[in-house]
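Below is one structure; the comments refer to it alone.
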Amino acid sequence: MRKVDSISKNAKDIAFVLKQNRDSYLFEITTPSGIKGDRLEHKEVQSSNSKYSFIAKDQGSGWVLSSFDDSPERSEKIRDTAKKLGFNYLDLAFTVGGHTFPEAFDAPGFKMIKYSENANNQPGTSELVFTIPMTANPTKDLKIGFDSAKVYFDTNNKCRISRFDGTLPAKMQNCTVGGLISYRTQDGFIDKYQQTARFGDRYQTTVVISTDSIELRDVPEKEFSLSAYGLPEPEGVVWEKPATPLYVWLLSAAAILAVLAVAFRTIQRRWARASSHIAPPQGR
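Just so you know, we're using the working numbering here: the sequence shown kicks off at 1 and counts up by one.
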């Protein structure tokens, strides 16, 4: 599976390329010039496959290996980071503040204040008002608490979230958040996710995530390797070429048979023309 997302902030785009197959995760970040004082665009890739994990960077002169590790612990860390960074993006349609529905109903301290269908006289729209406490380690869990939160679900589409508003606990500087989510008509994935956090009258930040493309395919593990970025593989590591699918062999066989059929027809026509110029022997 592959998807490409971009996060827009202050008119600058940070582009993400994320890939996943059964055993491997990869995310590549391209940071344009001007962000965080950087003068040049630079890229970073973190990848984990079944044999090793690595981090490589490109600051304009080609990919350079930054770190390499073949321990399971490091690979698991990259997988976790990839999930938190990008792949939970697919779950944002059902997530507010890191809490995914309907699982959030069973979260410790979750309390439903109000639930109503056809909210604001809109058929198929449900409104949920709830409160949930802050977790013990919100930075690690990527979950925040709400003194009060209001979520609007599109009940005609598997309870996807269309809008949300929430007030965080006082220790979070009386921050309020609000978000809007729109979806792609062709496949139902998120088209645009916008969230604004307001810190009283002092300042606010807005993050916009938009989907450029989503491609569902069988990603070969070699795309998660060092050699995919022009870097040498460790000694003894050889990636197998993906087997040619059966339908390719069938198409090749069909093409060969078609060529043979044309060839035989051509020979047959030539033989017929040649035979017509040979007069049969006349009896005396």
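Think of the CB as a built atom: it goes at the ideal place given N, C-alpha and C, for glycine as much as any other residue.
The C-beta of R184 has fewer than 16 other C-beta atoms within 10 Å across all chains shown, which makes the residue exposed.
DSSP, read as helix, strand or coil, puts D106 in helix.
With fewer than 16 other Cβ atoms from the protein chains shown falling within 10 Å of its own Cβ, S227 counts as exposed.
For R163, the pairing in a beta bridge is given by DSSP as Y152, L180.
Taking a contact to require three or more Cβ pairs closer than 8 Å, the segment 193 to 208 and the segment 16 to 33 do not qualify as touching. With at least 16 other beta carbons inside 10 angstroms of its own, R79 counts as buried. DSSP places F27 inside the beta strand (DSSP E), whose first and last residues are 25 to 31. Rounded to whole angstroms, the separation of the alpha carbons of E233 and E103 is 42 Å. Excluding its 5 nearest sequence neighbours in each direction, I55 has C-beta neighbours in its own chain below 6 Å: Q46, S66, S67, listed in chain order. Under DSSP, E76 forms no beta bridge with any residue. In the structure shown, L92 falls within a helical segment according to DSSP collapsed to helix, strand and coil. Here S227 carries a helix assignment [DSSP, helix/strand/coil]. CA-CA distance, S126 to F189, rounds to 20 Å. Counting only residues of its own chain and dropping the five nearest sequence neighbours on each side, M112 has a CB closer than 6 Å to the CB of F130.
Within its own chain, the residues whose Cβ lies closer than 6 Å to the Cβ of D58, once the five positions on either side in sequence are excluded, are K43, listed in chain order. Secondary structure at E221: helix, using DSSP grouped into helix, strand and coil. S225 has its alpha-carbon roughly 9 Å from the corresponding atom of K51.
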